[in-house]
Every structure is written in structure tokens, then in C-alpha cells.
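Following: one structure in C-alpha cells, then a few remarks.
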Amino acid sequence: MEIVQQLSQVQLLNQFWLLMAFVIPMVILSRMVVAGSRFSPILVIVIFGLGLGFAMVEMGIATPGLPEFPLVDFLSRTTIIALVVSFFVGGQELRKILSKQELDVKDIVVPSKEEMFLGTGRTQFIFILRSFFLLVGLEGFFRMMIQPGAAEGIMLYYPILALIGLAASFLLIDHKAQIDDKKVYMRKGVIETVLMLVILFVSYGIAVAVQPIIALPQIFFAMLLSSALGAIFHNWTYGPTVRALLFAGIPVVLAANFMVGGSRIGDAFAIEGMNSILVYGFFGQLFWMFGGIALLMWFARTGHIRNLAPGMAGSLSHSGLTGACTAGDFGQVAAKRAPIMINIPFFGHIFVFSILAVSADNGALWIWPTAIIVLVGLVLTALALKNLRGANGEDFKEVKALMQFSFGWQMMAVFGGLVLLTFSTIAFDYTTMAQSSAISHFGLFAAVQGGMFGTEASLLIPLIFSMPFLVHPLVFYMFGKALDNNGEMPRVPVYAMALIGVVGVSFAILGI
3 MEIVQQLSQV QLLNQFWLLM AFVIPMVILS RMVVAGSRFS PILVIVIFGL GLGFAMVEMG
63 IATPGLPEFP LVDFLSRTTI IALVVSFFVG GQELRKILSK QELDVKDIVV PSKEEMFLGT
123 GRTQFIFILR SFFLLVGLEG FFRMMIQPGA AEGIMLYYPI LALIGLAASF LLIDHKAQID
183 DKKVYMRKGV IETVLMLVIL FVSYGIAVAV QPIIALPQIF FAMLLSSALG AIFHNWTYGP
243 TVRALLFAGI PVVLAANFMV GGSRIGDAFA IEGMNSILVY GFFGQLFWMF GGIALLMWFA
303 RTGHIRNLAP GMAGSLSHSG LTGACTAGDF GQVAAKRAPI MINIPFFGHI FVFSILAVSA
363 DNGALWIWPT AIIVLVGLVL TALALKNLRG ANGEDFKEVK ALMQFSFGWQ MMAVFGGLVL
423 LTFSTIAFDY TTMAQSSAIS HFGLFAAVQG GMFGTEASLL IPLIFSMPFL VHPLVFYMFG
483 KALDNNGEMP RVPVYAMALI GVVGVSFAIL GI
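Each residue of the sequence shown is one higher than the last, beginning at 3 in our numbering.
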């Protein structure tokens with residue numbers, strides 16, 4: 003405890019550099035571990051983050067939740083910022099697909115080929131650093147403006163965090179990258195940063211305004227705004243802000259979240275019913291992920307990752323696959339399709355969040371609207387499988403069918419899972435955590451983290467969300483095997499894991 007007391011006396015500003023020392027090496031090391039393989043660094047971030055958070059508590063350096071390191075929790079709550087960029091890019095790609103415009107746009111940047119670390123090029127390293135400073139700076143500025151009278155604890159440091167984060171991010175441009183016009187490129191970065199702040203403030207204002215009527219979370223309105231802006235500015239070539247957050251925003255946010263989650267491992271198991279929640283989250287990953295892949299392979303007759311990776315990333319709003327796809331780990335076709343598929347189900351979130359908001363007020367799931375949405379999801383999924391089977395490899399037809407699948411399977415996974423959990427003994431607030439965990443659903447995660455289902459759920463969600471990520475080595479191993487097999491996913495292991503998922507989810511619901 004003496005170490006804890008000493009650390010608590012360290013000025014919060016100094017902890018900024020401690021946070022940087024925790025997160026940046028974690029992301030770099032994760033890329034180093036998977037360098038030369040087909041695996042995503044996100045699965046290694048899971049292990050490093052959970053292990054570091056757990057070790058810090060066990061060694062007496064910190065206590066559960068890491069209150070001695072408040073900036074770790076601060077960074078972990080920047081999920082919405084990382085998602086705004088994905089929504090913007092998805093809006094662009096969706097506009098191009100629907101208008102049948104060519105997806106390829108002349109790039110203004112050629113990254114440097116110089117390798118800073120094993121698995122990480124010089125330009126990529128700059129993107130990781132810039133993402134870190136952007137997330138801290140944007141969140142600091144946002145909190146400073148919505149809490150102007152705050153003057154205690156970490157709140158004292160919001161202006162400084164905003165200044166350091168934003169100023170450093172503007173300076174971080176790789177001078178060795180080939181850029182057509184550096185002044186234009188830097189100007190684009192400033193415009194993108196300002197637009198992100200506008201989206202944060204406007205979405206927050208709308209969420210506060212409608213709260214007396216229905217408690218829709220900020221992430222929902224941020225999605226609508228950023229997607230609309232992407233559709234309007236569909237020819238916008240990315241500046242350094244969008245590029246950096248697309249590449250490293252999600253890994254940086256997840257690194258901080260997993261540290262917080264790992265610190266709560268010891269205490270969480272003492273909570274009644276936690277075992278069922280964790281079991282459902284763990285086997286739910288197998289059930290919803292490989293169950294969806296099995297449907298695509300069996301009925302749509304497609305096993306290629308150009309369809310499976312973006313299709314499952316979108317249909318589950320799956321944070322791991324989302325990060326891997328947008329980072330280009332599964333190829334350029336999947337990278338271009340993923341933002342579209344991620345966006346499509348979020349238009350259905352008007353139903354997700356409205357029904358969940360009413361359910362949260364009532365303390366129980368609103369059954370009849372939920373049943374209708376599950377039925378709609380079933381019909382859309384069946385239609386998508388039929389259309390994908392008849393696409394014959396045509397890009398437009400495949401994308402259109404995957405859009406239908408993303409929407410349909412998302413409705414099935416979110417609401418079908420919540421219906422299944424009503425048959426368990428798990429409390430409603432905890433079922434939303436369990437379902438968010440079972441499909442690694444970023445939208446539900448952000449909503450729970452934002453307090454939609456109470457303070458206790460908000461504090462526990464980093465752990466609940468992170469534990470099923472231990473399944474992700476298996477998920478990414480399968481996608482890695484597909485890459486080694488000319489992009490084709492092995493069939494028998496997929497069907498076997500889907501079956502294991504069914505058995506595990508059944509055990510969790512029955513409380514066995």
C-alpha cells in the first residue's frame with residue numbers, strides 16, 4: 003500500500019507520460035508479436051492489457067478500477083471518438099456504393115517504407131502516436147467545455163490535457179512520407195479535428211435535449227451525424243486525423259479498456275451471477291460469430307474473407323474484427339467494405355437504443371417490439387443469404403447482400419440474444435453487459451459505458467467486455483488460416499465451433 007500512496011501523490015500531469023508508457027508500447031509490442039503472421043495485433047493487446055491490469059492490482063501498485071491512474075480510465079472512455087471516424091468513412095463508402103461510383107480515389111499520401119519497429123513502419127508509428135494524443139486532446143477539450151465549473155481531481159487538468167493532446171497531434175506528421183501537398187494535408191487534419199469536436203458537442207447536446215423523452219445515448223446521434231457528413235463529403239481524401247484514428251484509434255482505446263478490465267478480475271468473480279455472465283459472453287462469441295459464418299458458408303455458399311470479415315464485423319458491430327478490417331489486416335477489399343457494413347446496422351440502432359432505453363426505465367426487456375425486430379432480422383438474414391448466393395462474385399451484388407446481412411444478423415444477435423437471456427436468472431442491467439460482451443458490440447459497449455444502464459454496469463463493462471476477447475486468438479487464428487488458404491475459411495472447424503457455442507450458451511442461460 004505504500005507504493006499506492008506514493009503514486010497517488012504523483013501529479014496527474016506526470017501520469018500523462020505514465021499512460022503513454024503503458025499504451026504505446028503495448029500497441030507496438032502487439033504488432034511486433036504478430037509481425038509476419040496473418041493475425042491481428044488486437045488479440046495480443048487483449049492479453050497484454052488484461053495481464054497488466056491484473057498484475058498491477060495483485061502487486062499492490064493499484065486497486066480495482068485503477069483510481070491511482072485516472073488517465074487510464076480517461077482514455078478508456080474515448081470509445082465514441084474512435085467510432086466517429088469509422089462512421090464517417092462508412093458514410094462515404096455507402097454513398098459511393100449506392101450511387102455506383104468507383105470506390106478507388108487517388109490517394110495524396112504514400113506511407114514511408116522505413117520500419118521503426120518490427121511490424122510497424124515509420125508512418126504507422128506516427129499514426130499510433132497521433133491517435134493517442136488525439137484521443138486525449140479531444141476528450142480533454144470536450145469534457146472541459148461540458149463541465150466548465152469543475153475544479154477538482156482530474157477535472158483540473160482537462161485544459162492542459164486538451165492543449166498537450168491537440169497541439170502534439172498537429173505536429174505529428176511523418177516528413178518521410180510522400181505527400182502531394184503538405185500544407186493541404188495538415189490543413190485537412192485541422193478541419194477533421196474541428197469536425198470531430200463539432201460532432202461530439204452536437205451529439206451530446208441532442209442526447210441531453212431528448213433525455214426527458216427517451217434516454218438515447220450520445221453514440222447514436224454521433225453515428226447519425228458522422229455518417230451523414232461522410233455521405234455529403236464522399237470525395238474527401240483523408241487527412242492525418244482520420245488516417246491515424248482509422249489505423250490506431252480502436253487499438254489504443256481497447257488497450258486502456260483492457261487494463262481497466264484486468265484490474266477488476268479479482269473482484270468481479272465475487273458478484274452473484276457473474277459466472278453465468280462470463281460464460282455467456284465467452285461462448286456467445288463462438289455462437290454469434292461462427293454461427294453467422296456458418297450461415298454464410300452453408301446457405302450463401304461463400305467462404306472468402308472478403309465477405310466473411312466485413313460481414314461479421316458489421317453484423318455484430320464487432321470491435322476486434324472492425325479494428326482488424328479497417329487496419330487492412332484482411333486485405334484491401336475487406337478494408338473498403340468494413341466501414342460500409344459497420345454503418346448499415348447502426349441505422350437500425352434507432353430501434354436498438356429506443357427499445358433499450360424504454361427497457362432500462364422499466365427494468366425489464368420490452369418484449370413485443372423485441373419479438374417483431376427479431377422476426378424482421380430473420381427475414382432480412384434469409385434474404386441476404388439468398389442474394390449473396392446469387393452474386394457470383396460481382397462486387398456491387400456482394401456488397402448489397404452483405405449490407406442486408408449486416409442489418410439482419412445484427413437484429414438477430416442483439417435482440418435474439420436479449421430474448422434468450424430473459425430465460426436466465428441474470429438481472430436485466432447485466433444482460434445488456436453480457437450481450438455486448440457476447441458479440442463484442444461496440445455500440446452497446448459505448449452505451450453501457452456512458453451510463454445508460456447505471457453506474458455499476460458502467461464500472462463493470464470494461465471487464466465484462468474484455469473477458470470474451472480471450473476467444474479472439476481462436477477467431478483470428480481462423481481468419482489467419484483463411485488468408486493462408488487463398489482467403490477461403492475452413493468449413494468443418496467453423497461448424498464445430500458454432501455447435502460448441504450453442505452448447506455453451508445453453509449452459510449459461512440455464513445457470514448450470
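Glycine residues also receive a C-beta, built at the ideal position from the N, C-alpha and C atoms.
**Prompt:** Would you call the stretch 26–35 and the stretch 227–243 touching, i.e. three or more CB-CB distances under 8 Å?
**Reply:** With the cut-off at 8 Å, the stretch 26–35 and the stretch 227–243 do not touch.
**Message:** By DSSP's criteria, T122 is part of a beta bridge. Which residues make up the other side?
**Reply:** According to DSSP, residue pairing for T122 in a beta bridge involves F119.
**Prompt:** Got a sec? Which residues, its chain only, sit under 6 Å from L168 by beta carbon, not counting five neighbours each side?
**Reply:** Scanning its chain for C-beta atoms nearer than 6 Å, with the 5 sequence neighbours on each side dropped, one finds around L168 the residues G139, in chain order.
**Request:** Could you please give me the residues that DSSP links to E547 through a beta bridge?
**Result:** The chain is shown only over 3 to 514; residue 547 falls outside these bounds and no answer can be derived.
**Item:** Under the three-state DSSP convention, the category H516 falls into
**Value:** No statement about residue 516 is possible, as the shown extent of the chain runs from 3 to 514 and does not include it.
**Prompt:** Is L68 near V255, with beta carbons less than 9 Å apart?
**Reply:** Result no, Cβ atoms of L68 and V255 do not sit closer than 9 Å.
**Asked** Which runs of the alpha helix (DSSP H) fall wholly inside the stretch 212–245 and span at least 4 residues, in chain order?
**Response** 220–234, all fully within the stretch 212–245.
**Uninterrupted alpha helix (DSSP H) stretches inside the stretch 359–439 (no shorter than 4 residues)** = The DSSP assignment places complete alpha helix (DSSP H) segments of no fewer than 4 residues inside the stretch 359–439 at 369–391, 397–413, 419–423, in order along the chain.
**Prompt:** So is R189 buried or exposed if we call it buried at 16+ other beta carbons inside 10 Å?
**Reply:** Label assigned to R189: exposed.
**Request:** Note the first and the last residue of the continuous alpha helix (DSSP H) segment covering G503.
**Result:** 493–512 is the span of the alpha helix (DSSP H), which, as asked, contains G503.
**Prompt:** Does DSSP put Q180 in a helix, in a strand, or in coil?
**Reply:** Strand, per DSSP.
**Request:** Specify the secondary structure class of V25 as computed by DSSP and reduced to three states.
**Result:** Helix.
**Asked** Does DSSP put E490 in a helix, in a strand, or in coil?
**Response** Secondary structure of E490 (DSSP, three-state): strand.
**Request:** Quick one: give me the first and last residue of the alpha helix (DSSP H) that I463 is part of.
**Result:** 457–468 is the span of the alpha helix (DSSP H), which, as asked, contains I463.
**Asked** Is the stretch 410–422 touching the stretch 311–319 in the sense that three or more CB pairs, one from each, lie closer than 8 Å?
**Response** Output reads yes: the stretch 410–422 touches the stretch 311–319.
**Request:** Mind the definition here: the stretch 377–385 touches the stretch 439–456 only if three or more C-beta pairs lie below 8 Å; say whether that holds.
**Result:** As far as the Cβ criterion goes, the stretch 377–385 does not touch the stretch 439–456, which means the pair count is below three.
**Asked** Which runs of the alpha helix (DSSP H), 4 residues or longer, sit entirely within the stretch 29–76?
**Response** With a minimum length of 4 residues, the continuous alpha helix (DSSP H) runs that stay inside the stretch 29–76 are 44–60.
**Message:** Going by C-alpha to C-alpha distance, which of L358, L173, A484, F398 sits closest to M299?
**Reply:** Distance check between M299 and each of L358, L173, A484, F398 places A484 closest, using alpha-carbon atoms only.
**Request:** Look up L105 in the DSSP assignment and say whether it is helix, strand or coil.
**Result:** Low per-residue confidence applies at L105: pLDDT is 49, beneath 50, and the placement is therefore not dependable, though the value from the model is reported in the following sentence. If DSSP states are grouped into helix, strand and coil, L105 belongs with coil.
**Message:** Here's the rule: buried if 16 or more other CB atoms are within 10 angstroms of the residue's CB, otherwise exposed. What is W290?
**Reply:** Of the residues assessed, W290 falls on the buried side of the cut-off, its CB having 16 or more other CB atoms within 10 angstroms.
**Prompt:** According to the neighbour-count rule (16 or more other Cβ atoms, all chains shown, within 10 Å of its Cβ), is N309 buried or exposed?
**Reply:** The C-beta of N309 has 16 or more other C-beta atoms within 10 Å across all chains shown, which makes the residue buried.
**Asked** Can we say the stretch 43–59 touches the stretch 421–435, given the rule of at least three CB pairs closer than 8 Å?
**Response** Taking a contact to require three or more Cβ pairs closer than 8 Å, the stretch 43–59 and the stretch 421–435 do not qualify as touching.
**Message:** Give me, in chain order, the residues of the same chain whose beta-carbon lies closer than 6 Å to that of T80; leave out the 5 immediate sequence neighbours on both sides.
**Reply:** Within the same chain, L137, E141, V255 come within 6 Å of T80 by CB-CB distance, once the 5 residues on both sides are set aside.
**Request:** Check the DSSP bridge columns for V86 and list the partner residues they point to.
**Result:** DSSP lists no beta-bridge partner residue for V86.
**Item:** Cβ contact (3+ pairs, closer than 8 Å) linking the stretch 82–91 and the stretch 197–213
**Value:** A contact exists between the stretch 82–91 and the stretch 197–213.
**Prompt:** Looking at I502 and L288, is the spacing between their C-beta atoms short of 9 Å?
**Reply:** For the pair L288 and I502, the CB atoms are nearer than the 9 Å cut-off.
**Item:** Span of the alpha helix (DSSP H), counted from its first residue to its last, around P161
**Value:** Element bounds for P161: 160–173.
**Prompt:** Buried or exposed: where does L120 fall if 16 or more other Cβ atoms within 10 Å of its Cβ makes it buried?
**Reply:** It counts as exposed.
**Item:** Alpha-carbon spacing of L165 relative to I148, whole angstroms
**Value:** Near 16 Å, if we compare the C-alpha coordinates of I148 and L165.
**Item:** Counted within 10 angstroms of its Cβ, other Cβ atoms place L21 as buried (16 or more) or exposed
**Value:** Taking every protein chain shown into account, the CB of L21 has 16 or more other CB atoms within 10 angstroms, so this residue is buried.
**Request:** Measure the C-alpha to C-alpha separation of P492 and D182 and round it to an integer number of angstroms.
**Result:** Approximately 43 Å, taken between the alpha carbons.
**Request:** Following the continuous alpha helix (DSSP H) through Q149, name the residue where it begins and the one where it ends.
**Result:** Under the DSSP assignment, Q149 falls outside any alpha helix (DSSP H); it carries neither an H nor an E label.
**Asked** Can you check whether the CB of V507 is closer than 9 Å to the CB of Y2?
**Response** Outside the displayed range of the chain (3 to 514) lies residue 2, so it cannot be described from this structure.
**Between the CA atoms of G93 and P475 - distance to the nearest angstrom** = When rounded, the distance between both Cα atoms is 30 Å.
**Request:** Could you spell out where the alpha helix (DSSP H) holding S114 opens and where it closes?
**Result:** Judged by DSSP secondary structure, S114 falls outside any alpha helix (DSSP H); it is assigned neither H nor E.
**Message:** Going by C-alpha to C-alpha distance, which of W19, I49, E458, L197 sits closest to I273?
**Reply:** For I273, the closest C-alpha among the options W19, I49, E458, L197 is that of E458.
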